[in-house]
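Read through the structure below, which is laid out as structure tokens, and then see the notes.
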Amino acid sequence: MAEVITRFPPSPTGHLHLGGARTALFNWLYARHHGGRLVLRFEDTDRERSKKEYVESILEALKWLGLDWDEGPYFQTERLELYQKYARKLFEEGKAYYCECTKEELETKRKQMLEKGLKPRYDGTCREKGLGPGEGRALRLRVEAVGEVVFEDLLRGKISFPAEEIDDFIIMRSDGTPTYHFAVVIDDFTMGVTHVIRGDDHISNTPKQILIYQALGIEPPRFAHIPMVLGRDGARLSKRHGARSILEYRDEGYLPEALVNYLAKLGWGYGDQEYFTVEELIKLFDIKDVNLSPARFDPDKLLAVNAYWIRNSDASYLLSQLKPFLKEYELDKFSEDYLKAAIETVKTRAKTLVEMAKMMDFYLVEEVEYDEKGEKKFFVKEVLPALEKIKAYLEEKELEEKEFEAFLRGLAEEMGLKLKLIAQAMRLALTGKTVSPGLFEIIKVLGKERVIKRIQKAINFIKARN
RNA sequence: GCCCCCAUCGUCUAGCCAGGUCCAGGACACCGGCCUUUCACGCCGGCGGCAGGGGUUCAAAUCCCCUUGGGGGCGCCA
């Protein structure tokens, strides 16, 4: 089988969002699955809106997701001569002609046609003028309005458009830059792209591109139009829901594994399997299994997938991912084993790394601050003797779970207190919170020294108040 | 307005291509329960869907048509 070359062509007019990331992922998976290559190129011919900062942020987001590329990044603005070369060829062969209509004239005509209920299309004013290149002149493709333009979509089969639907569209702007359709075709052709995997909002664009291929006398690549990602409300992705930068998800404590897993499942599935490693995705992914209907983005599900990957990742990986969220603590003071043990106790409880960092703060501070409601409820003078006894116990005995638990139960009975009260007071003493990992786990990680110190502090606190 | 694409639980999906094994399976969310010193995890159970209407067929979620609904395109944006 011939080599597979896919491409991801973002336009640097915004951050990489979920929709773009999924397109990138599908292209990447397809290339990796077939042992092919992925080309990255920036479609930056819209100089007004393209920004260097977006190039940077898109690259950063792709790297973070783990989507690497084999060629590029190319920039269309650096390839202008190439487009001009092919444009000249089409002009010389009479397959394209120059048009001197102004933007304003065209805009007026378009509005008029729309008002009359007609399909807006170029009226051919300059078609037979025989104009040559010149200031203010754009190059249009000469399109014959007969028959049908047909292409085979890898997912949907044959798709055809009446040729009369397509007008003489512009391929080179009057400033000498190519329009999207033309640049895409020239790029895909010269880069050897074999498979174009893109959002289905491009279906209606495809016949135009087919026409360019035909005019150039070259073979079009294979097309696969994947369904778009919609927002929670079923509308196109917007800032409100999901069109946020991928990097924002990173900063909110999502794991790249979770994003990749979730995005892959948006429009694609493999039986009942819900969770996939990247390796599994590469192995199992087949573009033909991709759904045809648009998928809504569901933040709850993303969160659930993230929680899954957090609790199923090992502690040392989580530690590396967690570090940016732990900046306010002096991590150097703790051994890696200590940090990893601490992480183990919170990883089934945190849905994001941000949550995890908050949850484990008590491991990382010298002294804890008590939750106000909890302190009023559980730091009552009745628990004082219990805390004293626990402290004494810990000072003497080896720590063993069953034994310690039996001791606490015995203690509760002996003092006529509820086990819950003692446990919550302990929890508060050790963590400052009323919600935390299991008591025994915490004690084991913190170590007797810290535990005894914290119990003593709690004792002093209760005494001082009563 | 015209053209194109799509249609299974609230959401993501399995099943559809090769009709019967589907009074439709899984996941998220939600609601119960178990576990339990808190919160999670885990486990058990519940809620909930083939958009509607016509065909074809012994038999349709699966094939065909129409309607409706959703999405997209119609730029010297990509």
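Residue numbers (our numbering): -14 to 451.
For each residue, glycine too, the CB sits at the ideal point set by N, CA and C.
All values derive from a computational prediction rather than experimental measurement.
Coarse secondary structure for Leu25, derived from DSSP in three states: Counted from its first residue, the first sequence places residue 25 at position 40. It is a strand residue.
Residue range of the alpha helix (DSSP H) that includes Pro479: Given that the chain is displayed from residue -14 to residue 451, the structure contains no residue 479 and the question cannot be resolved.
Check: Pro309 C-beta below 7 angstroms from any heavy atom of the ligand HEM: This structure does not include the ligand HEM; it has no bound ligands of any sort.
The beta strand (DSSP E) enclosing Gly252, as first and last residue numbers: The sequence position of residue 252 within the first sequence is 267, counting from 1. Note, Gly252: premise wrong, no beta strand (DSSP E); not H, not E.
C-alpha gap between Asp152 and Val128, whole angstroms: Locating residue 152 in the first sequence gives position 167, where the first residue counts as 1. Locating residue 128 in the first sequence gives position 143, where the first residue counts as 1. Going by the C-alpha atoms only, they are around 6 angstroms apart.
Own chain partners of Thr191 with C-beta closer than 7 angstroms, once the 5 adjacent residues on each side are dropped: Within the first sequence, the letter at position 206 stands for residue 191. If we look at Thr191 and ignore the five residues flanking it on each side, its Cβ neighbours are Phe136 and Phe208.
Residue range of the unbroken beta strand (DSSP E) whose run includes Ile155: Against the first sequence, residue 155 aligns to sequence position 170. Element bounds for Ile155: Ile155 to Met157.
Alpha helix (DSSP H) segments (min. 4 residues) lying fully within the segment 374 to 408: 386 to 400
Best match in Val170, Pro105 and Ile211 for proximity to Gly142 [C-alpha to C-alpha]: Residue 142 sits at position 157 when you count from the first residue of the first sequence. Closest by alpha carbon: Ile211.
Cβ contact check for the segment 436 to 448 and the segment 392 to 407: 3 or more pairs under 8 angstroms: no
Three-way DSSP call (helix, strand, coil) for Lys318 in this model: As a working note, residue 318 is residue 333 in the first sequence. Note: Lys318 maps to helix in three-state DSSP.
Buried/exposed call for Ala(-13), threshold 16 Cβ in 10 Å: Along the first sequence, one-based indexing puts residue -13 at 2. Its Cβ having fewer than 16 others within 10 Å, Ala(-13) is exposed.
Buried versus exposed call for Asp173 [16 or more other C-beta atoms within 10 Å across all chains shown]: For the purposes of this step, residue 173 is taken as residue 188 along the first sequence, with counting starting at 1. Buried, because 16 or more other Cβ atoms sit within 10 Å of the Cβ of Asp173.
Which of helix, strand or coil DSSP assigns to Arg125: Locating residue 125 in the first sequence gives position 140, where the first residue counts as 1. Here Arg125 sits in strand by DSSP.
Alpha-carbon spacing of Gly4 relative to Val365, whole angstroms: On the first sequence, position 19 is the one that residue 4 refers to. On the first sequence, position 380 is the one that residue 365 refers to. If I take the Cα positions, the gap works out to 54 angstroms.
Reduced DSSP secondary structure (H/G/I, E/B, other) of Glu56: Here residue 56 corresponds to residue number 71 of the first sequence, with the count starting at 1. If DSSP states are grouped into helix, strand and coil, Glu56 belongs with the strands.
Through-space distance from Tyr68 to Glu149, alpha-carbon basis: Residue mapping note: residue 149 aligns to position 164 of the first sequence, counting from 1. Residue mapping note: residue 68 aligns to position 83 of the first sequence, counting from 1. The straight-line gap from Cα to Cα measures roughly 26 angstroms.
Glu137 - DSSP class collapsed to helix/strand/coil: Locating residue 137 in the first sequence gives position 152, where the first residue counts as 1. Residue state, collapsed to three classes: strand.
The segment 292 to 308 touching the segment 322 to 330, judged by at least three CB pairs closer than 8 angstroms: yes
Residue from Arg17, Lys101, Ile156 and Pro309 with nearest C-alpha to Leu65: Residue mapping note: residue 65 aligns to position 80 of the first sequence, counting from 1. Checking every option, the nearest Cα to that of Leu65 belongs to Ile156.
Given 8 angstroms, three or more beta-carbon pairs between the segment 17 to 34 and the segment 230 to 247: no
Run of the beta strand (DSSP E) containing Ser145, from where it starts to where it stops: For the purposes of this step, residue 145 is taken as residue 160 along the first sequence, with counting starting at 1. Looking at the DSSP string, the run of the beta strand (DSSP E) that includes Ser145 is Gly142 to Pro147.
Sequence-distant residues of its chain with Cβ nearer than 8 angstroms to Thr179 (five each side left out): Here the question's residue 179 lines up with position 194 in the first sequence. Excluding residues within five positions, the ones whose Cβ falls inside 8 angstroms are Ala(-13), Glu(-12), Val(-11), Ile(-10), Thr(-9), Gly21, Pro206 and Arg207.
Assumed close pair Phe11, Ile182 - CB separation to whole angstroms, cut-off 8 angstroms: Against the first sequence, residue 11 aligns to sequence position 26. Against the first sequence, residue 182 aligns to sequence position 197. Sure, about 5 angstroms apart at Cβ, within 8 angstroms.
Stretch-stretch touch, CB-based, cutoff 8 angstroms, three pairs: the segment 283 to 297 with the segment 86 to 93: no
His210, DSSP secondary structure in three states: Looking up residue 210 in the first sequence gives position 225. In the structure shown, His210 sits in a strand (DSSP, three-state: E or B).
Beta-carbon separation (whole angstroms), Gly117 vs Tyr165, contact threshold 8 angstroms: Taking the first sequence and counting its residues from 1, the one referred to as residue 117 is at position 132. Taking the first sequence and counting its residues from 1, the one referred to as residue 165 is at position 180. Their Cβ separation, rounded to whole angstroms, is 25 angstroms, which puts Gly117 and Tyr165 out of contact at 8 angstroms.
Inter-residue spacing [alpha-carbon to alpha-carbon] between Tyr293 and Leu415: In the first sequence, counting from the first residue as 1, residue 293 sits at position 308. In the first sequence, counting from the first residue as 1, residue 415 sits at position 430. Distance between the alpha carbons of Tyr293 and Leu415: 28 angstroms.
When Ser(-4), Pro(-5), Lys382 and Phe446 are compared against Glu354, the one with the closest alpha-carbon: Against the first sequence, residue 354 aligns to sequence position 369. Nearest option by C-alpha distance: Phe446.
Per-residue burial, Val131 [other beta carbons within 10 Å of its own, 16 or more giving buried]: Here residue 131 is taken as the residue at index 146 of the first sequence, counted from 1. With fewer than 16 other Cβ atoms within 10 Å, it is exposed.
Close-in-space but distant-in-sequence residues of the same chain around Gly115 (CB under 8 angstroms, 5 per side omitted): Taking the first residue of the first sequence as position 1, residue 115 is located at position 130. The residues are Tyr82.
Own chain residues within Cβ distance below 6 angstroms of Ile52, not counting five before or after: Counting from one through the first sequence, the residue named residue 52 turns up at place 67. Looking at the sequence shown, residue 52 is not Ile but Leu. Only Ala9 and Trp13 meet the Cβ criterion.
Where the alpha helix (DSSP H) containing Val436 begins and where it ends: Against the first sequence, residue 436 aligns to sequence position 451. Val436 -> alpha helix (DSSP H) spans Lys433 to Arg450.
Within 8 angstroms, strictly: CB atoms of Leu288 and Gly359: What you label residue 288 is simply residue 303 of the first sequence in a count that begins at 1. What you label residue 359 is simply residue 374 of the first sequence in a count that begins at 1. No, the Cβ-Cβ distance between Leu288 and Gly359 is not below 8 angstroms.
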